[in-house]
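So the structure is just underneath, and the comments pick up after that.
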Amino acid sequence: MSIVNNNNNTLDAMNQYETTSWSNFKNILIVVSEIVIVFLLVLLKMLHKLANNGWNFKSSWFKIKSVDKYRRRFRQREIQQRAMLNVIECVNERSLAISSSIYSNV
């Protein structure tokens with residue numbers, strides 16, 4: 000009886016090892032496939048840039064841009080957005096003033 004139990008325990012341990020090794024293998028495959036997908040997306044983006052640029056490489060694509068450039072661009076965009084909002088608010092105020100003066104004269 001104990002021999003049968005030992006065999007069952009051994010088989011259970013082997014099955015458990017096989018399932019864990021298979022799940023580890025699946026996880027590795029998932030990570031590798033994600034890396035391949037990211038690589039392909041980067042390659043497609045680079046080919047798209049090449050096609051738009053007449054198949055000429057730009058050295059700026061491969062340079063690491065400083066954080067200051069990104070901050071400066073962000074600040075410029077922020078300033079432009081604020082200016083546009085101010086213009087929209089002024090136009091709204093003037094249109095309200097004009098419409099209220101029209102309705103008050105009627």
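Numbering that gives the first Met the number 0 numbers the first residue of the sequence shown as 0 and each following residue consecutively.
All residues carry an ideal CB built from backbone N, CA and C; glycine is no exception.
Own chain partners of residue i with C-beta closer than 8 Å, once the 5 adjacent residues on each side are dropped
{"i": "residue 43", "result": "none"}
Close-in-space but distant-in-sequence residues of the same chain around residue i (CB under 6 Å, 5 per side omitted)
{"i": "residue 3", "result": "With a pLDDT of 47 at residue 3, under the threshold of 50, the predicted position of this residue should be treated as unreliable, though the coordinate-derived value follows. Contacts found: none."}
Contact set for residue i: own chain, Cβ-Cβ below 7 Å, skip 5 residues either direction
{"i": "residue 34", "result": "none"}
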